[in-house]
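K.L.:
For the sequence shown, counting from 1, position 22 maps to 23 in the numbering used here; every step adds exactly one. All C-beta atoms, glycine included, are put in the ideal place defined by N, C-alpha and C. I'd like to ask you about the structure that follows.
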Amino acid sequence: MRCRASRPQLERDPLGSYMRFLAFLSSIAIAAPACARTSAPRAAAPIDSLAAVRIAEGAWRQAFGGLIDSERPFRARLVDSVWEVSTSYPPPGYLGGGAHATIARRDGRLIKVWHEQ
């Protein structure tokens, strides 16, 4: 008679798999708030007049195309923590208007863009 080697039986441990599952869930619960805190955007530094002009010029190019170059130089002035950027077009004595933009000083957010006619 041949002796057959019996295969080892794997023990099933339902409590062990449950504990691993709980450990996995608790690690996610602990890590999620930490990830949310580190990925939050930082507050931007206040922008200066040169940065305000660059932001306005980019917005004007998107809205009005390359014609904005004919309205240089651009002027920026700070009024109540909002940059008011405008073009120098038209020259004094001419009818018409130029491009304007308002930009938040705190974060550089574009508030409004328009062109007078």
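When you compare the CB positions of Arg-55 and Val-83, do they come within less than 8 Å of one another, or not?
P.N.:
Within the sequence shown, numbered from 1, the residue matching residue 55 stands at position 54. Within the sequence shown, numbered from 1, the residue matching residue 83 stands at position 82. No.
K.L.:
Looking at C-alpha atoms only, which residue of Ile-29, Asp-108 and Glu-58 is the closest neighbour of Ser-87?
P.N.:
Residue numbering aside, residue 87 sits at position 86 when the sequence shown is read from its first letter. Checking every option, the nearest Cα to that of Ser-87 belongs to Glu-58.
K.L.:
If you follow the alpha helix (DSSP H) that Glu-85 is in, where does it begin and where does it stop?
P.N.:
Numbered from 1 along the sequence shown, position 84 holds the residue referred to as residue 85. Glu-85 -> not in any alpha helix (DSSP H); beta strand (DSSP E) instead, spanning 83 to 88.
K.L.:
Give me the Cβ distance between Ala-102 and Ala-60, rounded to the nearest whole Å; I'm assuming they're in contact under 8 Å.
P.N.:
On the sequence shown, position 101 is the one that residue 102 refers to. On the sequence shown, position 59 is the one that residue 60 refers to. Going by Cβ atoms, the distance from Ala-102 to Ala-60 rounds to 6 Å, so yes, they are a contact pair.
K.L.:
Is the CB-CB distance between Arg-62 and Ile-69 below 8 Å?
P.N.:
In the sequence shown, residue 62 corresponds to position 61, counting from 1. In the sequence shown, residue 69 corresponds to position 68, counting from 1. Yes.
K.L.:
Would you give the residue range spanned by the alpha helix (DSSP H) that Leu-79 belongs to?
P.N.:
One-based indexing of the sequence shown puts residue 79 at position 78. No alpha helix (DSSP H) contains Leu-79, which is instead part of the beta strand (DSSP E) from 75 to 80.
K.L.:
Quick one: Cα of Ile-112 to Cα of Leu-96, how far?
P.N.:
Start at 1 with the first residue of the sequence shown, and residue 112 comes out as number 111. Start at 1 with the first residue of the sequence shown, and residue 96 comes out as number 95. Straight-line Cα distance between these residues: approximately 26 Å.
K.L.:
What would DSSP say about Ala-53, mapped onto helix, strand or coil?
P.N.:
Position 52 of the sequence shown holds residue 53. Three-state DSSP puts Ala-53 in a helix.
K.L.:
Considering only residues of the same chain and omitting the five flanking positions on each side of Trp-115, which have a CB-CB separation below 6 Å?
P.N.:
Residue 115 sits at position 114 when you count from the first residue of the sequence shown. Closer than 6 Å at Cβ, skipping near neighbours: His-101.
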